[in-house]
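Here is the structure we will look at, set down as C-alpha cells.
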Amino acid sequence: MSKEEDRRIDAVLDDAVTRLASASDSPRLDAELLLCHSIDLPRSYLFAHPEDTLDEKTFSRFDALLRRRLRGEPMAYITGTKEFWSRELLVSPATLVPRPETELLVDLALREIPRKAEWQILDLGTGSGAIAIALAAERMMCEITAVDISDTALAIARENARQHSLVNITFAQGSWADPVRGRRFDLIVSNPPYVRTGDAALAELRHEPVEALAAGADGLDAIRALAADCGQILRRGGALLIEHGADQYDDVAAILAASGWTDISNYKDFAGHPRVTAARQGDK
Ligand code: GLN
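What the sequence shown shows, in the numbering used here, is residues 29 to 312, in sequence order.
In C-alpha cells:
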C-alpha cells in the first residue's frame with residue numbers, strides 16, 4: 029500500500045519523471061500524458077490540482093503504464109493514439125507509429141493535387157491510414173485507395189477513416205500494387221519499409237511491426253518493388269512520391285531511373301535530411 033502523500037499528483041509526477049529519465053527523451057511530457065490516460069482527464073487538470081491524491085487503483089493503473097514505457101514501448105501504443113496532420117489517429121502494434129517527417133510526404137502530395145481535383149490517388153502500405161486520411165480530408169473530391177498487406181493494420185486504418193467521417197477512402201488488402209492491377213491513378217504515395225535488416229536501429233524500434241520497417245539487406249527491397257510496379261498503374265505525367273531513409277536518396281534515384289522514371293527530385297524533411305523522392309511517369 030503506498031502512502032497517501034506519495035499518491036499526490038505532483039509527487040507521482042516527480043517520481044515518474046525521475047524514473048523515465050533514462051528511458052525517454054521527454055520524461056515529463058510522457059509522465060503527464062500517462063497520468064492523464066490513467067485518470068481520463070485533460071493535462072490541464074494536473075496543473076490545476078497538483079495536491080489531488082490518486083486512489084490505489086488509479087495509482088497502480090498509472091504504475092503499470094509507466095512500466096511499459098520504461099521497457100521502451102512507444103507512447104503511442106500505450107495510449108493507443110498518435111497525432112498526425114493535426115488529427116488523432118488510432119494505432120496498434122500492427123501499425124507503424126506515424127512519424128512527423130511523413131507529414132512532408134503529405135505536404136508534397138497536396139502541392140501536387142489541385143484543390144478541386146477529382147483524382148484517383150493510391151497509398152501503398154497505408155498502415156494506420158495516416159497518409160490516406162490526411163489526403164482524403166484535404167481533398168474531399170478525390171478518391172483514395174489505401175492498400176496494406178496486413179489485415180490487422182487495415183482494420184485500424186478503416187476505423188480511423190470512420191472516426192474522421194471520411195467516405196472517400198477505399199481499402200484493399202494485398203502486396204504493394206497487386207490489388208489494384210489494371211487500374212490507373214493520378215498520384216501514388218508510399219511510406220514503405222526502408223530500414224536495412226541488419227540495422228542496429230531495429231532494436232530500438234522492436235515494438236513496431238518489423239515488416240513495416242525492414243526491407244532487405246540494403247533497405248531498398250520495397251522501393252524496388254514500387255519502382256517496378258507503379259509505372260503501369262500511373263497516368264502519364266503522374267507523380268510517385270516515396271519516403272525513404274536519409275542516406276538512401278542516390279540509391280532510390282538510381283532505382284527509379286533504371287525503371288524509366290523521369291523528373292526525379294528529392295525533398296528534405298524539417299531536420300534537413302533527404303526524406304522524400306518524387307518521380308514522374310514519362311512517355312512510354
Ligand atoms: N522513419 C522510420 C524510422 O527509421 C522508418 C519508417 C519506415 O521504414 N517507413 O524510424
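Here a beta-carbon is modelled for each residue, glycine too, at the ideal position from N, C-alpha and C.
- If you look at L152, you'll find it in the beta strand (DSSP E) that goes Q148 to L152.
- Look at the beta carbons and you see the region 262 to 272 touching the region 203 to 223: at least three pairs across the two are nearer than 8 Å.
- As computed with DSSP, S218 is found in a beta bridge with L152 and I270.
- Residue state for F87 is assigned as helix, using DSSP reduced to three classes.
- Contact between E60 and L69 is ruled out by a C-beta separation of about 11 Å, above the 8 Å threshold.
- If only uninterrupted beta strand (DSSP E) runs of at least 3 residues are considered, those enclosed by the region 100 to 170 are 109 to 112, 115 to 118 and 148 to 152.
- Boundaries for I283: no beta strand (DSSP E) harbours it, while the alpha helix (DSSP H) harbouring it runs Y277 to A286, taken from the DSSP string.
- Taking C-beta atoms as the reference points, W289 and L254 fail to come closer than 8 Å.
- The bridge partners DSSP lists for F75 come to none.
- In terms of side-chain proximity, the C-beta atom of P128 is found no nearer than 7 Å to any non-hydrogen atom of the ligand GLN.
- Taken atom to atom, the span from the alpha-carbon of R127 to that of F112 is near 8 Å.
- Two segments are said to touch when three or more pairs of C-beta atoms, one from each, lie closer than 8 Å; by this definition the region 239 to 258 touches the region 194 to 210.
- Between L133 and V238, the gap from beta carbon to beta carbon reaches 8 Å or more.
- Shown here, R308 sits in a strand according to DSSP, grouped into three states.
- For N294, the enclosing beta strand (DSSP E) covers residues W289 to K296.
- Collapsing the DSSP output to three states places P302 in a strand.
- Inclusion of R36 and F87 in the CB contact set at 8 Å is not warranted, their separation being larger than that value.
- A Cβ-Cβ separation of about 4 Å places G155 in contact with T123 under the 8 Å criterion.
- The closest heavy atom of the ligand GLN lies 7 Å or more from the beta carbon of E101.
- In the DSSP assignment, I197 falls within the beta strand (DSSP E) that extends over I197 to Q201.
- For D246, the secondary structure class from DSSP, reduced to helix, strand or coil, is coil.
- Within the same chain, Cβ atoms closer than 6 Å to the Cβ of H65 are found at T107, the five residues on either side in sequence being excluded.
- The C-alpha of R95 is placed about 46 Å away from the C-alpha of R143.
- Between the alpha carbons of A306 and L136 lies a gap of roughly 9 Å.
- Only residues of its own chain outside the window of five on either side were considered, and among them A307 and R308 have a CB closer than 7 Å to the CB of D291, listed in chain order.
- L150 has its alpha-carbon roughly 12 Å from the corresponding atom of R209.
- DSSP, read as helix, strand or coil, puts I251 in helix.
- Assignment of beta-bridge partners to R56 by DSSP yields no partner.
- L262 is a Cβ neighbour of F213, given a cutoff of 8 Å.
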